[in-house]
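Each remark here refers to the structure printed beneath this line.
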Amino acid sequence: ADIVFNLAEGIGGASRESFVPAFCEFWGIPYTGSDPLALGICLDKARAKEALSHYGIPTPEFQVVKCPEQVRRSMELPAIVKPLHEGSSKGITQRSLCATWADVKTEVARVVERYGEPAIIERFLRGREFTVAVLGNDGDVRALPIVELVFDLLPAGAAPLYGYEAKWIWDRLEQPLDIFFCPARCSLGLQRRIEQAAMAAFRSLRCRDWARIDIRCDEGENPHILEVNPLPGVIPDPRANSSFPKAARAAGLSYDEMILAVLRTAATRYDLRVPV
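For the sequence shown, the tail end lands on 268 under our numbering, and the numbers increase by one without skipping.
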């Protein structure tokens, strides 16, 4: 039987990542990854954070606004301002990290005008940042080796965040941005807390087969979920800073073995056999 390996992020709109899996479900075609509902919720950063909070999973406090006039001084600064439903660091720049409420309002105006969608204002945590590749379903969910992003190694004067400049301008194949460390250098206790938070987020948002979870710690090394990405990037070139393949390599999986692991995980849900 055929199965679709879904990597489609769609073209436009808040539900764009749900299009292909919805098409597959309509026609009864098996596919990898999360269903249309989970994909839609995860792309809407606020809805995802509301679900996480409901299940008691820590995530930074936030507010969603459609214009600068709606901004409420309801959280401790600094804060980071992002488009509500974009991915790939789109709309997150060095200016997104705001130290004053005037800066917050300026960034909200920029995001709303540029992307035509609400802005999410999120309290910026000052601790370490990690991303966790998760693989599996139901009772068999596992975290691959944790990736840490070390912002001290960004260009001098850069804000400590992985925004558009870091992802698409400073990081080049011929000169990769050397800020990713896998396995992350952290204590066993912190490692377990990060893994538990990632897998709890995966389950609470009803992700399937695989996902990548972005986590940032507060000053007390308590992990908070930033975002859940059920369509993680999987650039094959090992020189590229693609976190899911990086974690898979640290777990001893080649790129092909990683792809097959996702495929087999999905096929098991459909009771399909995948050739060796």
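No residue lacks a Cβ here, since even glycine has one placed at the ideal position from N, Cα and C.
All of these numbers come straight from a predicted model, not from anything done at the bench.
CA nearest to the CA of Ala111, picked from Gly119, Arg120 and Glu99: Glu99
Of the residues Ser80, Arg241 and Ser45, the one placed nearest Pro175, counting alpha carbons only: Arg241
Contact belief for Ile49 with Ala192 at Cβ below 8 Å, rounded distance in angstroms: 5 Å
Which of helix, strand or coil DSSP assigns to Phe18: helix
Spatial distance of Phe236 from Asn(-2) (CA atoms): 15 Å
Rounded C-alpha distance that separates Lys41 from Leu29: 15 Å
C-alpha distance - Gly149 paired with Asp132, whole-angstrom precision: 43 Å
Stretch pair the segment 211 to 226 + the segment 110 to 129: three plus CB contacts closer than 8 Å: yes
Neighbour-count burial assignment, Gln167, 16 or more Cβ in a 10 Å radius: exposed
Element boundaries [alpha helix (DSSP H), containing Cys199]: Neither: Cys199 is in no alpha helix (DSSP H) and is coded neither H nor E.
Buried or exposed by the 16-neighbour rule on C-beta atoms within 10 Å, applied to Tyr23: buried
Contact check, Glu17 vs Arg8, beta carbons under 9 Å: no
Residue range of the unbroken beta strand (DSSP E) whose run includes Glu114: Ala111 to Arg115
Nearest-angstrom Cβ-Cβ length linking Lys37 and Glu219, presumed shorter than 8 Å: 6 Å
9 Å Cβ cutoff met for Val266 and Leu127: no
Three-state secondary structure assigned by DSSP to Cys209: strand
Beta-bridge pairing of Ile274 - partner residues as DSSP gives them: The structure shown does not extend to residue 274, since the chain is modelled only from -7 through 268, so no value can be given for it.
CA nearest to the CA of Lys82, picked from Tyr107, Glu61, Ala101 and Arg65: Tyr107
Three-state class that DSSP yields for Arg164 in the structure shown: strand
Minimum length 3: unbroken beta strand (DSSP E) runs contained in the segment 213 to 248: 215 to 221
Straight-line gap, Ser196 to Glu53 (C-alpha atoms, nearest Å): 18 Å
Tyr47, buried or exposed, once every other Cβ within 10 Å from all chains shown has been counted against 16: exposed
Cutoff 7 Å; reference Arg231; Cβ partners in own chain excluding five residues on either side: Leu165 and Pro168
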